[in-house]
Amino acid sequence: MRDGVTGPRHVGVAQSSAVDAGAAVAEVTAAVGQADTAFVLVFVPNRLGVQEVERALAARLENMPVFGCTTAGQITPDGYTSDALLLMAFPRDSFRCAPVLIEGLRPFSFSGVAAAVEEQADRFEHTAGWNRLALLFTDGLSNQEDLLVSTLETVLPDMPVFGGSAGDGLDFRQTHVLCAGRAHTDAALLLIVETALDFTGFSFDHFQPTDQQLIITGAEPEERLVFEINGAPAAREYARLVDCPRDALSPQVFAENPILVHHKGSYFVRAVSDATEGDALSFMAAIDDGVIMTLGRGKEMIETLRAGLRHESATGERPDFILGFDCVLRRLEVEQKQLGHAVSEIFREARVLGFNTYGEQHRGVHMNQTFVGVAFFDPDGRGRA
Numbered sequence: 002m003r004d005g006v007t008g009p010r011h012v013g014v015a016q017s018s019a020v021d022a023g024a025a026v027a028e029v030t031a032a033v034g035q036a037d038t039a040f041v042l043v044f045v046p047n048r049l050g051v052q053e054v055e056r057a058l059a060a061r062l063e064n065m066p067v068f069g070c071t072t073a074g075q076i077t078p079d080g081y082t083s084d085a086l087l088l089m090a091f092p093r094d095s096f097r098c099a100p101v102l103i104e105g106l107r108p109f110s111f112s113g114v115a116a117a118v119e120e121q122a123d124r125f126e127h128t129a130g131w132n133r134l135a136l137l138f139t140d141g142l143s144n145q146e147d148l149l150v151s152t153l154e155t156v157l158p159d160m161p162v163f164g165g166s167a168g169d170g171l172d173f174r175q176t177h178v179l180c181a182g183r184a185h186t187d188a189a190l191l192l193i194v195e196t197a198l199d200f201t202g203f204s205f206d207h208f209q210p211t212d213q214q215l216i217i218t219g220a221e222p223e224e225r226l227v228f229e230i231n232g233a234p235a236a237r238e239y240a241r242l243v244d245c246p247r248d249a250l251s252p253q254v255f256a257e258n259p260i261l262v263h264h265k266g267s268y269f270v271r272a273v274s275d276a277t278e279g280d281a282l283s284f285m286a287a288i289d290d291g292v293i294m295t296l297g298r299g300k301e302m303i304e305t306l307r308a309g310l311r312h313e314s315a316t317g318e319r320p321d322f323i324l325g326f327d328c329v330l331r332r333l334e335v336e337q338k339q340l341g342h343a344v345s346e347i348f349r350e351a352r353v354l355g356f357n358t359y360g361e362q363h364r365g366v367h368m369n370q371t372f373v374g375v376a377f378f379d380p381d382g383r384g385r386a
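This note's numbering puts the sequence shown at residues 2 to 386.
#1: Closest to ALA39 by CA distance: which of ARG247, THR277, MET89, LEU148 is it?
#2: Tell me the DSSP secondary structure of HIS342 in three-state form.
#3: List the DSSP bridge partners of ALA410.
#4: Kindly indicate the opening and closing residues of the alpha helix (DSSP H) around GLU309.
#5: Let me make sure I understand the geometry here. Which of PHE163, LYS338, ARG247, GLN337 has the alpha-carbon closest to that of GLU278?
#6: Under three-state DSSP, which class holds THR196?
#7: Which residues bound the alpha helix (DSSP H) around VAL272?
#8: Is DSSP giving ILE230 helix, strand or coil here?
#9: Classify VAL118 as helix, strand or coil using the three-state DSSP reduction.
#10: Buried or exposed for GLY168, please, with buried defined as at least 16 other CB atoms from any protein chain shown within 10 angstroms of its CB.
#11: Cα-Cα, which of THR201, PRO222, THR295, ALA24 is closest to GLY325?
#12: Using a Cβ-based criterion (distance less than 7 Å to any ligand heavy atom), does LEU87 qualify as near the ligand HEM?
#13: Measuring only the C-alpha atoms, how far is PHE372 from ARG93?
#14: Quick check on GLN370: buried or exposed, where buried means 16 or more other Cβ atoms within 10 Å of its Cβ?
#15: Between which two residues does the alpha helix (DSSP H) harbouring GLY23 extend?
#16: Can you tell me which of ARG364, PHE125, ALA22, ASP172 puts its alpha carbon nearest to the alpha carbon of LEU153?
#17: Taking the alpha helix (DSSP H) that PHE255 belongs to, which residues open and close that run?
#18: Between which two residues does the beta strand (DSSP E) holding THR176 run?
#19: Give every residue of the same chain whose Cβ lies closer than 8 Å to the Cβ of ILE303, excluding the five residues on either side of it in the sequence, and list them in chain order.
#20: Please classify ALA236 as buried or exposed, where buried requires at least 16 neighbouring CB atoms within 10 angstroms.
#21: Pick from PHE356, VAL262, ALA351, HIS367: whose alpha carbon is nearest that of PHE377?
#22: Going straight from the alpha carbon of THR176 to that of GLY105, what length do you get?
#23: Does ARG385 pass the burial test, meaning 16 or more other C-beta atoms within 10 Å, or should it be called exposed?
#24: Would you list the residues sitting across from CYS98 in a DSSP beta bridge?
#25: Do you know offhand how far PRO78's Cα is from ARG331's?
#26: Please report how far the alpha carbon of PHE203 lies from the alpha carbon of GLY374, in whole angstroms.
#27: Hey, how far is the Cα of ASN258 from the Cα of ALA276?
#28: Taking the DSSP output, what are the residues bridged to GLU104?
#29: Roughly how many angstroms lie between the CA atoms of ASP379 and ARG10, to the nearest whole one?
#30: Check ALA386 in the structure and name its three-state DSSP category.
#31: Does the segment 213-222 come close enough to the segment 289-307 that 3 or more CB-CB pairs lie under 8 Å?
#32: List the residues that DSSP assigns as beta-bridge partners of ILE293.
#33: Please report the residue range of the beta strand (DSSP E) in which GLU223 lies.
#34: What does the Cβ neighbour count give for GLY382, buried or exposed, with the cut at 16 atoms within 10 Å?
#35: In the DSSP output, which residue or residues are listed as bridge partners for ASP206?
#36: Helix, strand or coil for TYR81, going by three-state DSSP, please let me know.
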């Protein structure tokens, strides 16, 4: 119990802020009862070398299925942090899993991904009375999340998929996914999970569209680069629209002034990660010539967060825990507005555990500046959504 907040019953949690990878792994794995654990998720902070973490995990959890990714921040039992190695241990009495490692995302192969996922889903024997979902962890610099998640939506129409793109702080240099304890780039991990718990999935952001539209008039879709907006150099036009000097554009400005795309009756954020020296904008999700987009305006963040995390079972019980995929740009806005303590308190109360992403996946859509969550309940609680 931490300041009156009890921990989850159906997942083990350990964290370490040790500066040495071996010491951090030793600390988190000491809390894992390997005989009772089906698999673990590990979220690696940017300051720890992923290869050192990989070697230490292999030594400490030799026969344990280990999955996860590098991150742009972690959500621990204490809330937001940037330097903690976070481990979640899923017990055998409530969880089973089957992994699919998808390597060589570029170029993307629909048939190859579909065949691998279908084969594993068919081979994974279904436990009577248990529920299924899939967790997706993707190289956050692959630029393939849009194709990947739409493929999975087609291949697994009856299985909800929730995911987040791996990060490396705010460096945007190289990200990794962990499968069977090994680190991979240009890859994605799909973890098909069976659970005796009930669960519900959800996603939310805190933006609403304005009446200010933008037309993409020059783009390189494969690289998610936009060269022109409204016929003008993209970075300069965006700066004009948000009333910001071109040279002052930053991740914080992009986080507070998102660009939205309308899809299937809803607005989704297409986040900007950077402005290039040539006045192009680098996006974190799919973009193309001719797309009509809308400038977004933020709503009150704290109340939106409270409402978004407010889930109950059919019997009125709160979740045992929430697995969260939270965009790093949301966190940047939180820090810019000095709301970190308040947000961490809300996460603690809601028992949110997870990481900050370079993008989120839910309902067949890759999005940005969004919180995607899976709330797990004791059996006889609320079912899937």
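Every residue gets a Cβ at the ideal spot worked out from N, C-alpha and C, and that includes glycine. These figures come from a predicted structure and were not determined experimentally.
To lay it out plainly:
#1: Among ARG247, THR277, MET89, LEU148, the Cα nearest to that of ALA39 belongs to MET89.
#2: Looking at HIS342 - three-state DSSP - the assignment turns out to be helix.
#3: Because residue 410 is not part of the residues shown, which for the chain are 2 to 386, the question remains open.
#4: The sequence given here has Gly at residue 309, not Glu. Segment 302-309, the alpha helix (DSSP H) holding GLY309.
#5: Across the set PHE163, LYS338, ARG247, GLN337, the C-alpha of ARG247 shows the shortest separation from the C-alpha of GLU278.
#6: Of the three classes helix, strand and coil, the one that applies to THR196 here is strand, per DSSP.
#7: According to the sequence provided, residue 272 is Ala. The question's Val does not apply to it. No alpha helix (DSSP H) contains ALA272, which DSSP labels as neither H nor E.
#8: Strand.
#9: Look at VAL118 here: in three-state DSSP terms it is helix.
#10: With 16 or more Cβ atoms within 10 Å of its Cβ, GLY168 is classed as buried.
#11: For GLY325, the closest of THR201, PRO222, THR295, ALA24 by C-alpha to C-alpha distance is THR201.
#12: What this structure holds is no ligand at all, so the ligand HEM is not there to describe.
#13: CA-to-CA, the gap between PHE372 and ARG93 works out to about 28 Å.
#14: So GLN370 ends up on the buried side.
#15: Looking at the DSSP string, the run of the alpha helix (DSSP H) that includes GLY23 is 22-30.
#16: Selected option, being the one with the closest Cα: ARG364.
#17: Its alpha helix (DSSP H) spans residues 252-257.
#18: It is not in any beta strand (DSSP E) - THR176 carries neither H nor E in the DSSP assignment.
#19: Within the same chain, ILE303 has close Cβ partners LEU340, ALA343, VAL344, ILE347.
#20: It counts as buried.
#21: That would be ALA351, whose Cα lies nearest to the Cα of PHE377.
#22: THR176 and GLY105 have their C-alpha atoms some 14 Å from each other.
#23: Confidence in ARG385 is poor, its pLDDT being 44 and thus under 50, which makes the residue's placement unreliable; the coordinate value appears in the next sentence. ARG385 comes out exposed.
#24: Per DSSP, the beta bridge partners of CYS98 are VAL194.
#25: Counting only the Cα atoms, ARG331 lies some 19 Å from PRO78.
#26: Between PHE203 and GLY374, the C-alpha separation is close to 5 Å.
#27: Straight-line Cα distance between these residues: approximately 14 Å.
#28: Answer by DSSP bridge pairing, in chain order: ALA188.
#29: Answer to the nearest angstrom: the Cα atoms are 9 Å apart.
#30: At ALA386 the pLDDT is 44, less than 50, meaning the model places this residue with poor confidence and gives no usable figure here.
#31: In the pairwise beta carbon analysis, the segment 289-307 is classified as touching the segment 213-222: at least three pairs are separated by under 8 Å.
#32: DSSP lists ILE216 as the beta-bridge partner residues of ILE293.
#33: For GLU223, no beta strand (DSSP E) segment is defined, and its DSSP state is neither H nor E.
#34: Reliability fails at GLY382, whose pLDDT of 47 lies under 50, so the model's placement of it is uncertain and no value is given.
#35: Answer by DSSP bridge pairing: none, since ASP206 is not bridged.
#36: In the three-state reduction of the DSSP assignment, TYR81 falls in the strand class, which pools E and B.
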